[in-house]
Ligand code: FEO
């Protein structure tokens, strides 16, 4: 049985991950509207991964005696002045999510809840990758975003991202 605080934090995380999916879906539609279909594809796949994260938290809660309570998902910001603002918002959001994961981890550690810590290990690693991806995208934009030919190639590169299910199974 999960500690009440740990269970509550995991329940909140379900919502945060669905919000992440919603946020990135908004990014995807914004880029599509700009004609950057590669970026739109990249964020649509990111949204899919976030839905997977939400479902992993939901299933973990269910498998450990908790009852998921689904909350309303906030409306994500979709009014951006340019691509750099979108990419920077993505990077900032991933740092925020890392903080949320760390908070759950700290609560689980305090309770000596080793099972939850082990479950969260995957997310700790995943957040490292997601922060790096978001930071790399921003760097690429700063290097190539102003050159139409380079941007065309970058957008093509972004279109090659394909979905694969998370390596974590419960
Ligand atoms: Fe589910 Fe991008 O963190």
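In the working numbering, the protein residues as written are 1 to 170. Beta carbons are placed, not taken as given, at the ideal position from N, Cα and C, and that holds for glycine.
{"query": "Among 108, 120, 84, 131, which one has its Cα closest to the Cα of residue 30?", "result": "84"}
{"query": "Closest by CA to residue 95, which one among 133, 121, 80, 116?", "result": "133"}
{"query": "Please list, following the chain, all residues that have a C-beta closer than 6 Å to any non-hydrogen atom of the ligand FEO.", "result": "17, 20, 50, 53, 94, 97, 130"}
{"query": "Select from 138, 139, 105, 111 the residue whose C-alpha is nearest the C-alpha of residue 125.", "result": "105"}
{"query": "Rounded to a whole number of angstroms, what is the C-alpha to C-alpha distance between residue 91 and residue 78?", "result": "16 Å"}
{"query": "Per DSSP, what kind of secondary structure is residue 67 in: helix, strand or coil?", "result": "coil"}
{"query": "How long is the line joining the alpha carbons of residue 114 and residue 121, rounded to whole angstroms?", "result": "10 Å"}
{"query": "Do the segment 55 to 72 and the segment 26 to 44 make contact, defined as three or more Cβ pairs closer than 8 Å?", "result": "no"}
{"query": "In the DSSP assignment, the alpha helix (DSSP H) including residue 14 goes from what residue to what residue?", "result": "4 to 33"}
{"query": "Once DSSP output is grouped into helix, strand and coil, what is the label at residue 76?", "result": "coil"}
{"query": "How many angstroms separate the CA atom of residue 142 from the CA atom of residue 75?", "result": "28 Å"}
{"query": "For residue 9 and residue 59, I'd like the C-alpha separation in whole angstroms.", "result": "14 Å"}
{"query": "Would you decide whether residue 116 is buried or exposed? Buried here means 16 or more other CB atoms lie within 10 Å of its CB.", "result": "buried"}
{"query": "Going by C-alpha distance, which of 129, 20, 3 is nearest residue 44?", "result": "20"}
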